[in-house]
Amino acid sequence: DAEITQSPRHKITETGRQVTLACHQTWNHNNMFWYRQDLGHGLRLIHYSYGVQDTNKGEVSDGYSVSRSNTEDLPLTLESAASSQTSVYFCASSIRGRNEQFFGPGTRLTVL
Amino acid sequence: AQTVTQSQPEMSVQEAETVTLSCTYDTSESDYYLFWYKQPPSRQMILVIRQEAYKQQNATENRFSVNFQKAAKSFSLKISDSQLGDAAMYFCAFLSNNAGNMLTFGGGTRLMVKP
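Going line by line, the protein sequences match chains A and B. Just so we're on the same page, the numbering used here is the position in the first sequence counted from 1, plus 5. Just so we're on the same page, the numbering used here is the position in the second sequence counted from 1, plus 165.
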């Protein structure tokens with residue numbers, strides 16, 4: 006079955022380290038999104054992509070980067086992890102022209 | 166920019182009863198969609214129901230229905246015959262076709278269901 010997966014599911018890292026969170030979807034969706042979820046804020050958009058080689062900044066993009074080298078994957082990189090980036094991260098995807106987004110299971114990241 | 170507000174941090178309902186979760190939004194767009202997502206303790210985000218702004222008829226999905234008041238920018242979720250499995254966080258979300266298919270979420274409402 007087609008799906009969207011995230012890895013790792015849990016990650017603990019130290020301040021200043023580079024961290025990469027993986028997102029992989031097998032639906033062949035054009036659009037992919039990264040959100041972070043913090044208490045009281047719902048989910049907020051970090052970065053998004055409409056296709057290969059396309060990336061765009063979202064509402065809370067500072068300190069994060071993404072790259073889209075193929076349709077299936079949109080890895081999220083924290084260049085130098087900060088305690089303020091402790092959060093739950095969700096990846097989502099959707100078909101071009103359709104607005105329903107499908108979410109991955111989330112990654113809980115703790116920065117000590 | 167769009168904003169979505171859920172004014173009820175927590176709600177509780179007796180099993181088999183009906184509960185309504187509130188959501189208001191602010192936008193200058195005319196072509197948009199509204200969603201309710203459910204997030205159980207597993208953290209998985211599950212789409213419950215969606216509403217197209219151009220449709221006057223309120224969306225329904227089994228025990229879930231919405232009251233969409235476009236002029237008031239209100240989008241409430243009604244859960245009928247509440248079940249223990251309905252206990253979760255519920256998020257209201259907005260998407261504009263003119264703003265790149267990105268979702269803007271409210272802060273969430275935690276629903277507790279009492280047996």
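C-beta atoms are modelled at their ideal positions from N, C-alpha and C, and glycine is treated no differently.
Quick one: what's got a C-beta closer than 7 Å to residue i's C-beta in the same chain, skipping five residues either side?
i, result
"B:R228", "I244, S245, D246"
"A:L1", "Residue coverage of chain A in this structure runs from 6 to 117, which leaves residue 1 of chain A outside it and unanswerable."
"A:A87", "T20, G68, V116"
"A:T60", "H52, S54, V71, S72, R73"
"A:E64", "R49, L50"
"B:N263", "E194, D196"
"A:N33", "T76"
Who are the near neighbours of residue i in its chain, counting only those whose CB is closer than 6 Å to its CB and skipping five residues on each side?
i, result
"A:F38", "Y53, A97"
"A:Q106", "A97, S99"
"A:D78", "H29"
"B:F233", "Q216, N223, F240"
"A:S85", "G21"
"B:F200", "R215, A258"
In chain B, what lies closer than 9 Å to residue i by C-beta?
i, result
"A:S99", "N266"
"A:G63", "M267"
"A:V93", "R208"
In chain A, which residues lie with their C-beta within 8 Å of the C-beta of residue i?
i, result
"B:F256", "G47, L48"
"B:R228", "Chain A residues near B:R228: none, gap ~20 Å exceeds 8 Å."
"B:R275", "What B:R275 touches in chain A: nothing, since even the nearest Cβ is about 11 Å away."
Roughly how many angstroms separate the alpha carbons of residue i and residue j, rounded to a whole number?
i, j, result
"B:T214", "B:S230", "It is Ile, not Thr, that sits at residue 214 of chain B in the sequence shown. Their Cα atoms are separated by approximately 8 Å."
"A:S66", "A:L81", "11 Å"
"A:V2", "A:V93", "The requested residue 2 of chain A does not occur in the structure, where chain A is confined to residues 6 to 117."
"A:Q30", "A:I9", "4 Å"
"B:S241", "B:Q204", "17 Å"
"A:F118", "B:A236", "Lying before the first or after the last residue shown, residue 118 of chain A is absent from chain A, which here runs from 6 to 117."
"B:A127", "B:L212", "No information on residue 127 of chain B is available, as it lies outside the stretch 166 to 280 that chain B covers here."
"A:G109", "B:E182", "32 Å"
"A:G56", "A:G102", "13 Å"
"B:A258", "B:L186", "13 Å"
"B:Q300", "B:S193", "This structure does not reach residue 300 of chain B, given that chain B is present from 166 up to 280, and the question cannot be answered."
"B:V178", "B:D251", "10 Å"
"B:P280", "B:Y202", "23 Å"
"A:K62", "B:P206", "29 Å"
"B:K220", "B:N266", "19 Å"
"B:L268", "B:F256", "11 Å"
"B:G272", "B:T170", "7 Å"
"A:N36", "A:P13", "21 Å"
"A:Q58", "A:N75", "8 Å"
"A:N104", "A:T18", "34 Å"
"B:F270", "B:A166", "12 Å"
"B:V184", "A:Q11", "34 Å"
"A:H46", "B:Q248", "26 Å"
Kindly give me the distance between the Cβ atoms of residue i and residue j, rounded to whole angstroms, as I take these residues to be in contact under 8 Å.
i, j, result
"B:D196", "B:S261", "7 Å"
"B:M277", "B:E175", "7 Å"
"B:T189", "B:S239", "5 Å"
"B:Y198", "B:E226", "With a Cβ gap of about 15 Å, B:Y198 and B:E226 do not count as contacting."
"B:Q209", "B:T274", "Not really, about 17 Å apart at Cβ, beyond 8 Å."
Might you give, ordered along the chain, the residues of its own chain that have their beta carbon closer than 8 Å to the beta carbon of residue i, omitting 5 neighbours on each side?
i, result
"A:L48", "Y40, R41, Q42, F95"
"A:K16", "V24, L26, T112, R113, L114, T115"
In chain A, what lies closer than 7 Å to residue i by C-beta?
i, result
"B:L260", "N104"
"B:F270", "G47, L48"
"B:Y198", "N104"
Using the beta-carbon of each residue, which ones in chain B are nearer than 7 Å to residue i?
i, result
"A:G56", "In chain order: nothing, as chain B lies at least about 12 Å away."
"A:G111", "R208"
"A:N36", "N266"
Identify the contact partners of residue i in chain A, using a Cβ-Cβ distance below 9 Å as the criterion.
i, result
"B:L242", "Those do not exist, as B:L242 stays about 15 Å from chain A at its closest Cβ, beyond 9 Å."
Residues of chain B with a CB under 8 Å from the CB of residue i: which are they?
i, result
"A:N75", "Going along chain B, no residue has its Cβ under 8 Å from A:N75, so there is no contact; the nearest lies around 20 Å."
request  = Let me know the beta strand (DSSP E) ranges lying completely inside the region 207–277 of chain B, each 3 residues or longer, listed in chain order.
outcome  = 211–217, 229–234, 239–244, 253–261, 268–270
task = May I have a chain-ordered list of the beta strand (DSSP E) segments no shorter than 3 residues that lie completely inside the region 36–62 of chain A?
result = 36–43, 47–56, 59–62
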